[in-house]
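So the structure is just underneath, and the comments pick up after that.
In my numbering, the protein residues as written are 10 to 129.
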C-alpha cells in the first residue's frame, strides 16, 4: 500500500525539482491526461478496498482514459470547441464519486472496528 504512494510522492518531487516547463500549447493536453490518470488511480484504490481490483482492467483503463481524454482535447482544439470540458466534467464526477465511496468504506470499517472493541 505504501510503495505506490511513495512512488507517487517521489515522482511528484522529481517533477517539481526538475524545473521543466510545459509549453502553453500543450498545457490543456497535459492537464486532461493528469486528470484521467488520477481518476484511474482513485478508481483502482476504490476497487482494491472493495476487493474487486483487477490489474488488467486497471492498466488498460489507465492508458485508455489518457488516450481518450487527450484525443478528445485534440479534436476539440482543431474544431474550435472546448471538448476537453466534457472530459473534465466526466472525470471530475467520477473522482468525487470514487472518493465518496472510499470515505464510506473507511467509515464502515472504522465503525466495525469500534463495535468489535466495545464487544471485547
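Virtual Cβ for every residue (Gly too), placed ideally from N, Cα, C. Note that the structure is a prediction, hence the values are computed from the model and not measured.
Thinking C-beta only, is residue j closer than 7 Å to residue i?
i: residue 85; j: residue 92; result: yes
i: residue 68; j: residue 45; result: no
i: residue 58; j: residue 114; result: yes
Using the beta-carbon count (16 or more within 10 Å), is residue i buried or exposed?
i: residue 48; result: buried
i: residue 54; result: buried
i: residue 52; result: buried
Mapping the DSSP letters down to three states, classify residue i as helix, strand or coil.
i: residue 79; result: helix
i: residue 62; result: coil
i: residue 156; result: Outside the displayed span of the chain (10 to 129) sits residue 156, for which this structure offers no information.
i: residue 127; result: helix
i: residue 32; result: coil
Between residue i and residue j, how many whole angstroms is the CB-CB distance? I'm expecting something under 8 Å.
i: residue 97; j: residue 41; result: 7 Å
Requested in this report: Indicate whether the contact test is met: 3 or more Cβ pairs, each with one atom in the segment 105–116 and one in the segment 70–81, closer than 8 Å.
Outcome: Not touching, per the Cβ criterion.
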